[in-house]
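A short write-up of the structure that comes next.
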Amino acid sequence: MKAIIIFIFLFTNLFSQNKFDYFDMELEIKGRENHGDVKCDTLYYLKNIDENTINETIKALNKYSRFKLKKGNGYLKITQNEKKYLISELEKLNHFEWDDNLFNKSKAVQIKDFNKVFHITNNLKNEEQIKMCSMIYTFSKPIYFRNNELCLILYQENHSAEEAFINFNVYKVSDTHIPTEEYASIFFIYKH
Numbered sequence: 001m002k003a004i005i006i007f008i009f010l011f012t013n014l015f016s017q018n019k020f021d022y023f024d025m026e027l028e029i030k031g032r033e034n035h036g037d038v039k040c041d042t043l044y045y046l047k048n049i050d051e052n053t054i055n056e057t058i059k060a061l062n063k064y065s066r067f068k069l070k071k072g073n074g075y076l077k078i079t080q081n082e083k084k085y086l087i088s089e090l091e092k093l094n095h096f097e098w099d100d101n102l103f104n105k106s107k108a109v110q111i112k113d114f115n116k117v118f119h120i121t122n123n124l125k126n127e128e129q130i131k132m133c134s135m136i137y138t139f140s141k142p143i144y145f146r147n148n149e150l151c152l153i154l155y156q157e158n159h160s161a162e163e164a165f166i167n168f169n170v171y172k173v174s175d176t177h178i179p180t181e182e183y184a185s186i187f188f189i190y191k192h
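So this is what it looks like as structure tokens:
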């Protein structure tokens, strides 16, 4: 899975939601450029999260209190207060939109624009460039909880209008408040 690096300001209490400062996708752009002669002119990202993805994640949180850890045999246990908080923050994401041109060489798109984007990227000069540049990313603001030791983030890659890799994962957070390690998955789906 692609590395996600998130920079934020410090939080003041257990359930505070910090203003989202910066989400660095430059690493993603550079990572895609390290494949032969591939040069992706534009990184496309979805302006807002699909409501169904948020609703499915809320259903999972309502249904389960334990989520399998990415490593080992243990589980992440979510308390009732954490559930309420996470669900209320997820519901806020239904109304959140990212700014246009959030990153260098990037463009925000709506779901209705997927086919237009893939028409452009599927006409690139070679298969490798098509494979590396034909993606639309979706990501959420991080939702920090448990004294800012964990956060919930959506990361999604659409490889076509019909094919998507979607997950809402809990990440461990470093001392510098950057999500560093996938800890547990709350919702995961691969659509094709």
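Per this note's numbering, the sequence shown starts with residue 1, numbered consecutively.
Glycine included, C-beta positions come from ideal geometry on N, C-alpha and C.
The structure presented is a predicted model; accordingly, all values stated were derived computationally and were not measured.
(request) Only counting runs of 3 or more residues, tell me where the beta strand (DSSP E) segments fall wholly within the stretch 159-185, in order along the chain. (result) Here the runs fully enclosed are 164-173.
(request) Give the DSSP bridge partners of Tyr-45, in chain order. (result) Taking the sequence shown and counting its residues from 1, the one referred to as residue 45 is at position 45. Per DSSP, the beta-bridge partners of Tyr-45 are Ala-108 and Tyr-137.
(message) To the nearest angstrom, how far is the alpha carbon of Lys-83 from that of Arg-146?
(response) Working through the sequence shown from its first residue, we reach residue 83 at position 83. Working through the sequence shown from its first residue, we reach residue 146 at position 146. Rounded to the nearest whole angstrom, the C-alpha separation of Lys-83 and Arg-146 is 11 angstroms.
(message) Can you list, in chain order, the residues of its chain with a C-beta nearer than 7 angstroms to that of Lys-77? Leave out the 5 residues immediately preceding and following it.
(response) For the purposes of this step, residue 77 is taken as the residue at position 77 of the sequence shown. Cβ within range, chain order: Ser-65 and Arg-66.
(request) Helix, strand or coil for Phe-39, going by three-state DSSP, please let me know. (result) Within the sequence shown, residue 39 is the residue found at index 39, counting from 1. This sequence places Lys at residue 39; Phe is not what is there. Looking at Lys-39 - three-state DSSP - the assignment turns out to be coil, as it is neither helix nor strand.
(message) Please report the straight-line C-alpha distance between Asn-158 and Phe-165, rounded to a whole angstrom.
(response) Translated into the one-based positions of the sequence shown, residue 158 becomes position 158. Translated into the one-based positions of the sequence shown, residue 165 becomes position 165. Taking the straight line joining both Cα atoms gives about 6 angstroms.
(request) From the DSSP output, in three-state form, read off Asp-24 for me. (result) Numbered from its first residue, the sequence shown carries residue 24 at position 24. Confidence at Asp-24 is low in this model, with a pLDDT of 49, below 50, so the placement of that residue is unreliable and no value is reported for it.
(message) Is the beta carbon of Ala-184 closer than 8 angstroms to that of Val-170?
(response) Working through the sequence shown from its first residue, we reach residue 170 at position 170. Working through the sequence shown from its first residue, we reach residue 184 at position 184. Yes.
(request) Helix, strand or coil for Ile-78, going by three-state DSSP, please let me know. (result) As a position in the sequence shown, residue 78 is number 78, starting the count at 1. If DSSP states are grouped into helix, strand and coil, Ile-78 belongs with coil.
(request) Could you tell me which residues DSSP pairs with Lys-191 in its beta bridges? (result) On the sequence shown, residue 191 is found 191 positions in, with the first residue counted as 1. As computed with DSSP, Lys-191 is found in a beta bridge with Ala-164.
(request) Reducing DSSP to helix, strand and coil, say where Leu-61 ends up. (result) Start at 1 with the first residue of the sequence shown, and residue 61 comes out as number 61. DSSP places Leu-61 in the helix class (H, G or I) of the three-state scheme.
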